Amino acid sequence: MRVKLLMLGLFCCILLTAQELDSINKELLFTYDLASLIKKEVYSASKKQEKIIDAPLSISSITYAEIKASGARNILEALRLVPGIIIRETANGSYDFHIRGADNTRNFGEQFTISENSLTLVMINNRPVYDYFDGATFWETLPVSIEEIDKIEVIRGPSSALYGPNAVSGVINILTKKYKENLLSTHAEVGNFEFYRIGAAFSKKINEKLTIVANTNFNQQRRTETKYYGRTKQLYLPLDSIRFLGLSADKRYSEPDLSQRSHFANVVCSYSIHKATLSLDAGWQESKVQKIYVDNQTTMFSTNKSASKYIDLQANGSNSHFQVYLKNGLQEIDGMRGWLYDTWNYEIMGEHTIKPLKAYQITIGASARSIIYNDQASIDRYGLNRALLKGEREINNGSMSVKNELVIDRFRIISAIRLDKYNYPNDLYLSHHHFISYKVADNLLLRVVHSKANRSPAFLNTYYSQNFGTAVFSGNRNLPLTSNTLTEFGARADFGKINCDLETFYNIYQNFSSPLLESQSNGVFYYKFQNLPTQYTQLGTSLMLNYQATRSIKLSGHFTYSDAKFKNYYLNDTTTENKTASTPPYYGGGTAQFKLNNWRFHIGYYYISAFELTNLLKPYTREIPKVDFRQILNTKLSYEHNNLEVYINVRNILGNNTSQLFFADRLEPTYSLGVRVMNIGQ
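Okay, so the sequence shown: first residue is 21 according to this note's numbering, each after it adds one.
Rendered as structure tokens:
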């Protein structure tokens, strides 16, 4: 109750004091020239600023202005604006996401974790935020809110040669704002299901060289569902009617109505020296979320808790980049014995570009990282037999990379290779990326891409160790890594009021792993993680269109179709090729934005075709779970004047008590009232 009163009080204070803020004659945060979005620049495609019409790879960029206009409450919801990404809400504010699909590809035996994407590399300002336990991105733990985002760049396709391991299906690079002026901004948004989102940012320009930025954010929301999906009965049941193995329900779900709660704070110091910039970021976060994650044999929901802190030092020059990243955290899942561990990430990386010729440049890079997980806390609490890793475990990785870029008239050729060495598996892994583009005209680009990327080893399938008496499970330190090989053709055109991007892609995923029966002795079955003969192939195409009808009206849309198949899914069947419905065959969305004086209205639409959980969980359900065609409709109405914005946000209008993913919550419409205030001055 105190938190509610504090937020509502601050919300009212913002509205009252906003009237006293001076108007300014500078380009404000709220200025949103729709036409300017056609001339976007991106960084992540080739690690240098360039117009998106010239960028290699299949890349999209969404700016803060677009995110703000859409009314998205978090990063994953904002990613529905990007083509080629499947986004399904599993609980109020929690999402399952996949670039181009490749979801639910693992055999049942490896379904320790459900829904988390282990094949996409997510970064904040080029800083990896990947979790190595079983491979995932814990979005609720990211110490960044949509208010601090400058833009989000999304690469579709293998990109490990550029960004390192785990960029198997693509890369999401979240780039935050680089303030160069004194600033004080704040935002607050409140809505039904006890939704609160409140934060503030402060920037101080000490002198011409030094700028200091601080920001903080608090987010909370309740579930729209009062029951849990019982996997065996395939019904939504009250918590007290579900039988759990091990600890009681109140230990697993200490706050059954909570969807998520998170808060964080960051401090950024930026120092400029001639043409170089030195930046030091430090931050802290705590979070608690209920989401589909660990298979607990009854429901798919788990209560995940996290606390972490980080330091990130980067030095950027005209031809060089150097970065040191340190992170320490604690991860825990309530009621799951053994799922409690400390984490340490140590990473150092550097790149230098040489230009021996005007039309040719070569970039040489090197990196080293050490990831340490320790479940001693699980041993102390639950005993040695319940711990999953049995103490401190480590994954080390060193790499060398070379990228060549050649421009000949209207042709551009990029070839990059990266060599990674791990402690386990003790082997060398090669990632590569080759790109050729032809600039037919200044507003038309044709491109061909061929690339391959590998996922890093994970702690669970490398070090897992459990003894259940009649069944003994163990990891595999020589397990070949999951990989994806891509061939892609694309075209990008800009005709002023209309621009479009078309891509056709073919992915081949392999080396999925699962604990398989290795031997049997005296009634005891011994299981060990091994690679399956499974191959997942995907042939698809995506189309994106933007239309600037007038300066005040902008329409956009995107559509993706893919034909995904499993080959050799079952161990006793190495001949048939089965079409899988686990990846929706088509999905996409669109937006319509209108501006009239100070009023802005945004409509967002997103849809996913019907799909089912093919080949998974069959022995544990009466029938294969299915999800019908789903549509999501969002609207936002805002009034902006100088440095003040007040808005009404309505999300998931068509929710109608339906779920978007297997075992997930049934969702209802949510609505909220928000305000943003920004003041820039000397």
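Ideal placement from N, C-alpha and C gives every residue a C-beta, glycine not left out.
Note that the structure is a prediction, hence the values are computed from the model and not measured.
Alpha carbon to alpha carbon, how far is residue j from residue i? Give it in angstroms, no decimals.
i: Lys638; j: Thr252; result: Confidence in Lys638 is poor, its pLDDT being 46 and thus under 50, which makes the residue's placement too unreliable to answer from.
i: Ala491; j: Thr557; result: 33 Å
i: Tyr442; j: Ala473; result: 15 Å
i: Thr140; j: Asn542; result: 43 Å
i: Phe682; j: Leu633; result: 8 Å
i: Tyr691; j: Pro553; result: 47 Å
i: Ile79; j: Ile399; result: 45 Å
i: Gly104; j: Tyr626; result: 12 Å
i: Asp362; j: Ile573; result: 50 Å
i: Leu499; j: Ile623; result: 47 Å
i: Ala302; j: Lys67; result: 23 Å
i: Ile566; j: Leu409; result: Contrary to the premise, residue 566 reads as Asn rather than Ile in this sequence. The straight-line gap from Cα to Cα measures roughly 50 Å.
i: Lys198; j: Asp170; result: 8 Å
i: Leu101; j: Tyr546; result: 47 Å
i: Asn699; j: Lys378; result: 44 Å
i: Ser451; j: Gly610; result: 34 Å
i: Ile486; j: Gly403; result: A quick correction: the sequence has Gln, not Ile, at residue 486. Their Cα atoms are separated by approximately 12 Å.
i: Asn504; j: Tyr529; result: 4 Å
i: Ile232; j: Ile433; result: 40 Å
i: Arg263; j: Arg272; result: 12 Å
i: Gln240; j: Leu464; result: 45 Å
i: Asn416; j: Asp440; result: 10 Å
Just reading off the beta strand (DSSP E) that residue i is part of, what are its end residues?
i: Lys548; result: 544-551
i: Thr505; result: 503-514
i: Asn527; result: 518-530
i: Ala584; result: 573-587
i: Ala491; result: 491-494
i: Ile107; result: 105-111
i: Glu538; result: 533-541
i: Phe621; result: 619-628
i: Phe614; result: 606-616
i: Ser562; result: 555-570
i: Phe117; result: 114-119
i: Thr140; result: 140-144
Decide if residue i is buried, meaning its Cβ has at least 16 other Cβ atoms within 10 Å, or exposed.
i: Leu693; result: exposed
i: Met420; result: exposed
i: Ile331; result: exposed
i: Lys375; result: exposed
i: Ser180; result: buried
i: Asp270; result: exposed
i: Thr318; result: buried
i: Tyr659; result: exposed
i: Arg281; result: buried
i: Leu636; result: At Leu636 the pLDDT is 49, less than 50, meaning the model places this residue with poor confidence and gives no usable figure here.
i: Thr206; result: buried
i: Tyr458; result: exposed
i: Gly701; result: Here Gly701 scores only 47 on pLDDT, less than 50, and its place in the model should not be relied on; the value that follows carries that caveat. Burial call: exposed.
i: Trp619; result: exposed
i: Ile391; result: buried
i: Pro258; result: exposed
i: Ala296; result: exposed
i: His661; result: exposed
i: Arg571; result: exposed
i: Val460; result: exposed
i: Lys71; result: exposed
i: Arg430; result: exposed
i: Ser562; result: buried
Between the beta-carbon of residue i and the beta-carbon of residue j, is there less than 8 Å?
i: Arg406; j: Arg438; result: no
i: Ile673; j: Leu657; result: no
i: Glu704; j: Ser387; result: In the structure as shown, the chain begins at 21 and stops at 702. Residue 704 is therefore absent and cannot be evaluated.
i: Pro76; j: Phe455; result: yes
i: Ile119; j: Ser189; result: yes
i: Ser299; j: Gln334; result: yes
i: Ala436; j: Val422; result: yes
i: Val666; j: Val647; result: no
So the alpha helix (DSSP H) residue i belongs to, where does it begin and stop?
i: Tyr84; result: 84-90
i: Ser398; result: 396-402
i: Tyr484; result: Here Tyr484 belongs to no alpha helix (DSSP H), and DSSP marks it neither H nor E.
i: Ala98; result: 95-98
| said: Which runs of the beta strand (DSSP E) at least 3 residues long sit entirely within the region 660-689? Give them in chain order. | reply: List check, beta strand (DSSP E) in window: 664-671.
| message | Give the list of continuous beta strand (DSSP E) stretches no shorter than 3 residues that lie fully inside the region 151-212. | response | 169-176, 190-196, 203-211
| Continuous alpha helix (DSSP H) assignments of at least 4 residues falling wholly in the region 210-287 | 269-272
| task | Mind listing, in chain order, the continuous alpha helix (DSSP H) runs of no fewer than 4 residues lying wholly within the region 301-325? | result | Listed in chain order, nothing qualifies, since the region 301-325 has no complete alpha helix (DSSP H) run of 4 or more residues.
| Which runs of the beta strand (DSSP E) spanning at least 3 residues fall entirely within the region 419-471, listed in chain order? | 431-442, 448-461
| query | Which runs of the beta strand (DSSP E), 3 residues or longer, sit entirely within the region 322-374? | reply | 340-353
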